[in-house]
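Working notes for the structure below.
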Amino acid sequence: MGLSFLLLLVSAIAETEGAAGAVSPQLNFVAAKLAQVMEQNAETEGIRDCWNALTQIPGCVPELIGSYISRRIAIRYVCCLRLGAIGQQCFDSIFSSFPFYQKFERGVKKFCHLR
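Take the sequence shown: its letters are residues -18 to -1, 1 to 97, numbered as in mature numbering (1 follows the signal peptide of the UniProt record, and there is no 0).
Below you can see the structure in the form of structure tokens.
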């Protein structure tokens, strides 16, 4: 996994904590796990390209990570549109990056009105 992708992930996580807040140990743990899973799956599932498609929408990745960590889905319409446009294989690849992803995936699909 490229350094730029890891930096993007870290900055997305930092955005979820707010400008003044410190990054919590829980957030660091989730970030490390996400990076580990993404690294393992990057070549076989094309997960890097899938995540890159989401980074084209400013704030979309931080919204997903923040929603996962807070257990409260807060994703803008434009991010939902991108999630709907990336295709089922990319959608599955992205959400399999999150530990216990099935419940989160169902919640995002329901929130964004995706099938």
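Where is the CB? At the ideal position from N, CA and C, for every residue including glycine.
Assign residue i to one of two classes, buried (16 or more other C-beta atoms within 10 Å of its C-beta) or exposed (fewer than that).
{"i": "Y50", "result": "buried"}
{"i": "S52", "result": "exposed"}
Please return the same chain residues whose Cβ sits closer than 6 Å to the Cβ of residue i, not counting the five positions on each side in sequence.
{"i": "I39", "result": "V60, C61, R64"}
{"i": "A56", "result": "S49"}
{"i": "G41", "result": "none"}
{"i": "Q84", "result": "none"}
{"i": "R58", "result": "none"}
{"i": "S78", "result": "none"}
{"i": "G69", "result": "none"}
Looking only at C-alpha atoms, which of the options sits nearest to residue i?
{"i": "H95", "options": "A67, C72, S78, L36", "result": "A67"}
{"i": "F86", "options": "C42, G41, L46", "result": "L46"}
{"i": "C32", "options": "D74, P44, K91", "result": "D74"}
{"i": "A35", "options": "I76, R54, R58", "result": "I76"}
{"i": "G89", "options": "G69, R58, S78, R54", "result": "R54"}
Give every residue of the same chain whose Cβ lies closer than 8 Å to the Cβ of residue i, excluding the five residues on either side of it in the sequence, and list them in chain order.
{"i": "K91", "result": "R97"}
{"i": "F93", "result": "I55, I57, C62"}
Who are the near neighbours of residue i in its chain, counting only those whose CB is closer than 7 Å to its CB and skipping five residues on each side?
{"i": "C72", "result": "C32, A35"}
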